[in-house]
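Shown next, in structure tokens, is the structure this report addresses.
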Amino acid sequence: MYRYLPWLVLAVGVTLIATVFEPMFATRAVKSGPQGFAGQAAPVFALQDDRGSTVSLDAYRHRIVVMNLWASWCPPCREEMPDLQRLAERYGARGVAVVGVNEGESVERARAFAASLRIRFPIWIDSAERYGRVYGALGLPTTVILNGEGVVIRGFDGPLTFDQMEAAASAALHGS
Amino acid sequence: MTLCTVAALATIVLVGAQIVLPGKALYHYGWYNVAIAGMAVIVVVAARAPLRSARTRALRAGIAAIVFGSAIAAVAGIASGLFGPENQQVIGSPAQRVSVEGLGTLVFPLGVATAGDDAGVQLLRPLHAPLEISTRSGNLGNFVARSIVRTVVEIDAQDAFGNRLTITQPSGRSFLSPVLLMEHRQTIAGFALPFDSFNLPAAHRIVKAVLFSAAEAAMLQRGTEAPAVLFAVDDENDRPLSHGIGLAASGRRIRLGGLQLRAVVGAFPAVELVSAPNLVAAIAGALLVVCSTTFIALQRRRARYG
Chain A
8 MYRYLPWLVL AVGVTLIATV FEPMFATRAV KSGPQGFAGQ AAPVFALQDD RGSTVSLDAY
68 RHRIVVMNLW ASWCPPCREE MPDLQRLAER YGARGVAVVG VNEGESVERA RAFAASLRIR
128 FPIWIDSAER YGRVYGALGL PTTVILNGEG VVIRGFDGPL TFDQMEAAAS AALHGS
Chain B
246 MTLCTVAALA TIVLVGAQIV LPGKALYHYG WYNVAIAGMA VIVVVAARAP LRSARTRALR
306 AGIAAIVFGS AIAAVAGIAS GLFGPENQQV IGSPAQRVSV EGLGTLVFPL GVATAGDDAG
366 VQLLRPLHAP LEISTRSGNL GNFVARSIVR TVVEIDAQDA FGNRLTITQP SGRSFLSPVL
426 LMEHRQTIAG FALPFDSFNL PAAHRIVKAV LFSAAEAAML QRGTEAPAVL FAVDDENDRP
486 LSHGIGLAAS GRRIRLGGLQ LRAVVGAFPA VELVSAPNLV AAIAGALLVV CSTTFIALQR
546 RRARYG
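See below:
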């Protein structure tokens, strides 16, 4: 039995030394911004929409959700909005829902902004900027795409062109 | 007691000190780590003669175990002392995820704690269940960690008509967050006070906020019994506005520079990290040394007294 003991001790030693150094290699850097959320379940908060109704992402299960964080003072958000409306119209029947989440402003301001651009997709009011915090928004607009299970597929920092939106929505629909 | 045993026990004591009394600067000094390595080398060198002269396999295995035990403990101690980071305080904004090399990802809670509600920081590590960092020091492999509470300020900003305004922090840890972490210091009347700033892009305003404790606020404004925040409202080019400076007690709304501002002073966790030798490796090394030393002593005693 003692013949094998040194080897046993050696094996234990190697294992323990590996234990000491393993965490130094196992840690992965977290991607900053909304991209870092890809593959994770999207947080769900109960918010109010611009008509005062309580809304939540839970109602959008089994649909692809294009969630756009915006504010009325942000010029790129204003430029992007008509394209989001176009996306909602073109892909709504195919199971893609566009949701605009206003970050930190009052209902009146969000409603007036949406009306001025003839936006008809749902506008939610995130007065405490919770989605902005959770997704680590680096600026506005920020867009996050969720699959039917409520998992974040992709995150985008900054404005998107219609082609980029369409490509992302198509990829989400085809599960790639 | 042979030189080998003494050196092995000294190695264990030096490494054990890093676990029992964590956070001392001397553990990162070169000479401390050279001392650990030196002791481990003495163990190896001093073990050669007893290994050769040992009459039984059991004795040889025991001596080998002492060598391995002290080597494992020494590696754990030196890895922590030389390669482990200096003591650090990890500050994050609400819902922020901060990656710490050699530890994992710290996920900060979404909201500021109110009385009795102290949401903690969660640690995510590969192959481990999520763990909440508690206020008591806990060993997490290569670190000793504990949660501490910092004072932060949550802001609510409206324009003159009562329309809520988006709060941004372009130079903060989170761009979109109404919570000021008050990480900087501003000296006012000899006091180094917590300081932070935020932007209100819709109103084209930059607001600076200085936090006063209840006692400091009472010195500034008679009758104030709560912590207070001194606001200074500037335009978007950082030029101060007239009637743009005012002190608001926590929870009270104040009108300044065409804005309505309210600050609520609250608590938010941060994490204090101290590198420490890997607990599993250090304990295993110590057990190997102590058990083998005892075993060898018993064997020799038995041989001596028949």
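Residue numbers (the numbering used here), protein chains in the order written: chain A, 8 to 183; chain B, 246 to 551.
Just so you know, even glycine gets a beta-carbon here, dropped at the ideal spot from N, CA and C.
Pull the bridge partners of residue i from the DSSP assignment, please.
i, result
"D90/A", "Paired residues: none, contrary to the question."
"S63/A", "Per DSSP, none; premise fails for S63/A."
"F513/B", "R395/B"
"A390/B", "G383/B, L518/B"
"L369/B", "T350/B"
"Q55/A", "T61/A, I132/A"
"I152/A", "V73/A, R161/A"
"L425/B", "V398/B"
"V103/A", "I71/A"
"G491/B", "F476/B"
"C431/B", "The amino acid occupying residue 431/B in the given sequence is Gln; Cys does not appear at that position. For Q431/B, which the question treats as bridged, DSSP gives the partners L438/B."
Going by alpha carbons, who is nearest to residue i out of the options?
i, options, result
"V290/B", "H273/B, I308/B, G275/B", "I308/B"
"E173/A", "S63/A, Y67/A, A48/A, V73/A", "V73/A"
"L426/B", "A319/B, Y277/B, V525/B, Q341/B", "Q341/B"
"A119/A", "W80/A, H181/A, G43/A, R68/A", "W80/A"
"A447/B", "A494/B, L504/B, V366/B, G275/B", "L504/B"
"P439/B", "G268/B, G468/B, V510/B, G326/B", "V510/B"
"A104/A", "E136/A, R68/A, G43/A", "R68/A"
"D212/A", "E112/A, D57/A, A53/A", "Outside the shown range of chain A (8 to 183) lies residue 212/A, about which nothing can therefore be said."
"D404/B", "R500/B, V288/B, L296/B, L524/B", "R500/B"
"T411/B", "Y138/A, A176/A, T168/A", "Y138/A"
"T538/B", "S298/B, R381/B, A303/B, V525/B", "A303/B"
"P371/B", "T350/B, V478/B, P354/B", "T350/B"
"R391/B", "L532/B, V516/B, G365/B, A548/B", "V516/B"
"R381/B", "L518/B, V525/B, A529/B", "L518/B"
"S123/A", "Q42/A, R58/A, P89/A", "P89/A"
"L492/B", "D480/B, L524/B, I528/B, V455/B", "V455/B"
"I433/B", "E399/B, E331/B, V474/B, A319/B", "V474/B"
"V424/B", "Q544/B, A529/B, S315/B, L355/B", "L355/B"
"T22/A", "L533/B, Q431/B, R545/B, A526/B", "A526/B"
"R243/B", "A494/B, E428/B, V312/B", "Nothing can be reported for residue 243/B: it is not among the residues displayed for chain B, which extend from 246 to 551."
"G43/A", "Q171/A, A144/A, W14/A, A175/A", "A144/A"
So, for residue i: in the same chain, excluding its five sequence neighbours on each side, which residues have a beta-carbon less than 8 Å away from its beta-carbon?
i, result
"F436/B", "E461"
"P83/A", "L147, P148, G165, P166"
"E136/A", "E110, G111"
"A521/B", "Q263, I264, P267, S325, G329, N384, N387, F388, V389"
"Y277/B", "L259, L271, G326"
Determine the DSSP secondary structure at residue i, reduced to helix, strand or coil.
i, result
"W80/A", "coil"
"Q403/B", "strand"
"E377/B", "strand"
"P129/A", "coil"
"V108/A", "strand"
"Q505/B", "strand"
"P295/B", "helix"
"L145/A", "coil"
"P485/B", "strand"
"F436/B", "strand"
"Q47/A", "coil"
"T411/B", "coil"
"R498/B", "strand"
"A95/A", "helix"
"A364/B", "coil"
"V265/B", "helix"
"L17/A", "helix"
"G40/A", "coil"
"R418/B", "coil"
"R300/B", "coil"
"G181/A", "Gly is not the amino acid found at residue 181/A; the sequence shown has His there. Coil at H181/A, not helix or strand."
"R286/B", "The sequence given here places Val at residue 286/B; Arg does not occur at that position. Looking at V286/B - three-state DSSP - the assignment turns out to be helix."
"G356/B", "coil"
Sorted by chain position, which residues of the same chain lie with C-beta nearer than 7 Å to residue i's C-beta, five sequence neighbours on each side aside?
i, result
"S458/B", "P472"
"A255/B", "M284"
"L486/B", "V478, D479, D480, G502"
"A282/B", "A319, I323"
"F540/B", "G307"
"L421/B", "T413"
"A78/A", "C84, N109, E110, G111, E112, L147"
Using a Cβ-Cβ cut-off of 6 Å (strictly less than) and excluding sequence neighbours within five positions of residue i, which residues of its own chain qualify?
i, result
"G347/B", "N387"
"L248/B", "A291"
"R498/B", "Q505, R507"
"S442/B", "K453"
What do you reckon, is the C-beta of residue i under 7 Å from a heavy atom of the ligand ZN?
i, result
"D479/B", "This structure does not include the ligand ZN; it has no bound ligands of any sort."
Would you mind listing the alpha helix (DSSP H) stretches within the region 440-480 of chain B that are 4+ residues and don't spill past its ends, in chain order?
-> 459-465
In chain order, each alpha helix (DSSP H) run of at least 4 residues that lies wholly inside the region 311-352 of chain B = none
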